[in-house]
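Just so you know, the protein sequences line up as chains A and B, in that order.
In terms of the working numbering, the first sequence opens at residue 37 and continues consecutively.
In terms of the working numbering, the second sequence opens at residue 323 and continues consecutively.
All C-beta atoms in this analysis are idealised placements derived from N, C-alpha and C, irrespective of residue type, glycine included.
Notes to accompany the following structure.
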Amino acid sequence: MAEGMQVTREIDARGSFCPGPMMELIRAIRSASVGDTIAVLSTDQGSKRDIPNWAQKAGQEFVGVEEYEGYDRIIVRKVK
Amino acid sequence: MAEQKRLCMVVFDGTVDKLYPVAIMASGAVMNDVRVDIFLTFWGLLAFRKGEPYKVQAISQDYAQQAGAMMALMQEKKVPHWYDTLLQAKELGDVHVHACAMTADLMGLTKEDFEPVIEDIIGVGEFIEMSQQASSTLFI
């Protein structure tokens, strides 16, 4: 795993198709505490568009996307 | 408070290639905080008899030739089962699954004959009332 931002929890959803990574993230955010950061590793092309959109709508903080060889690491912070 | 966003689906077909989009659309709705009401009728309802979701193998006749290759590809890429995707959407969001009373009566089926994901058996009138509250209703 390449160097990346430290997070509270990381979900490896690589190989999972839309809507898998997004749904895994929603599940993780539900069970997380306010202030936790969650990273999702995704090979799905929709995730890096869907997740920031979802975060905005859901009132959670989209921290950023780190792009690696063949996958993205998408980070969201639970703020409420 | 803003009015709740809603999506309705009438699921008439009971083939795997139609049940996948039902589950995936429901998931997309959950992501967008949209309530989903699924009205299962005819072949769509028969696919929800107890134990049936994991047994359904049929594909629409139009795509029958490609069915084997598609199923093999999905298995190879480990695409989750459509029913698991639907259950996950229901667990995470506001998803409601209703059985069509007419089909149930016609086939002599009661709530006990169906998968527990089905909340109730309702008439078309009640479903249309739900659909009046939704911004779109899909027929699948």
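- Task: Return the first residue and the last residue of the beta strand (DSSP E) that V352/B is part of.
- Result: Here the question's residue 352/B lines up with position 30 in the second sequence. No beta strand (DSSP E) holds V352/B; the alpha helix (DSSP H) holding it covers V338 to M353.
- Task: Going by CA-CA distance only, name the one from Q42/A, R45/A, V43/A and A49/A that's closest to Y107/A.
- Result: Locating residue 107/A in the first sequence gives position 71, counting from the first residue. Of the listed residues, the one whose Cα sits closest to Y107/A is A49/A.
- Query: In the stretch 43-78 of chain A, which residue ranges form an unbroken beta strand (DSSP E) of at least 3 residues, counting only runs that do not cross its ends?
  - Reply: 45-48 and 73-78
- Assuming Q455/B and R328/B form a contact by the criterion Cβ under 8 Å, report the distance between their Cβ atoms to the nearest whole angstrom. The residue you call residue 455/B lines up with position 133 of the second sequence. The residue you call residue 328/B lines up with position 6 of the second sequence. Yes, Q455/B and R328/B are in contact; Cβ-Cβ is about 5 Å, under 8 Å.
- Message: Any contact between the stretch 410-420 of chain B and the stretch 77-97 of chain A? By contact I mean 3 or more CB pairs, one from each, below 8 Å.
- Response: Taking a contact to require three or more Cβ pairs closer than 8 Å, the stretch 410-420 of chain B and the stretch 77-97 of chain A do not qualify as touching.
- Task: From the DSSP output, in three-state form, read off M364/B for me.
- Result: What you label residue 364/B is simply residue 42 of the second sequence in a count that begins at 1. Checking the sequence shown, residue 364/B turns out to be Phe, not Met. Reduced to three states, the DSSP call for F364/B is helix.
- Message: Taking beta-carbon pairs under 8 Å, can you tell me which members of the stretch 342-365 of chain B lie near chain A?
- Response: I346, S349, G350, V352, M353, N354 and D355
- Rounded to a whole number of angstroms, what is the C-alpha to C-alpha distance between Q307/B and M353/B? This structure does not reach residue 307/B, given that chain B is present from 323 up to 462, and the question cannot be answered.
- First and last residue of the uninterrupted beta strand (DSSP E) at V112/A: Along the first sequence, read from residue 1 onward, the residue named residue 112/A stands at position 76. From DSSP, the beta strand (DSSP E) with V112/A extends over Y107 to R113.
- Message: Let's test the definition: count the other Cβ atoms within 10 Å of the Cβ of M37/A and tell me whether it reaches 16, buried, or not, exposed.
- Response: Mapped onto the first sequence, residue 37/A falls at position 1. Note that M37/A scores a pLDDT of 48, beneath 50, so its modelled location is shaky and nothing firm can be said.
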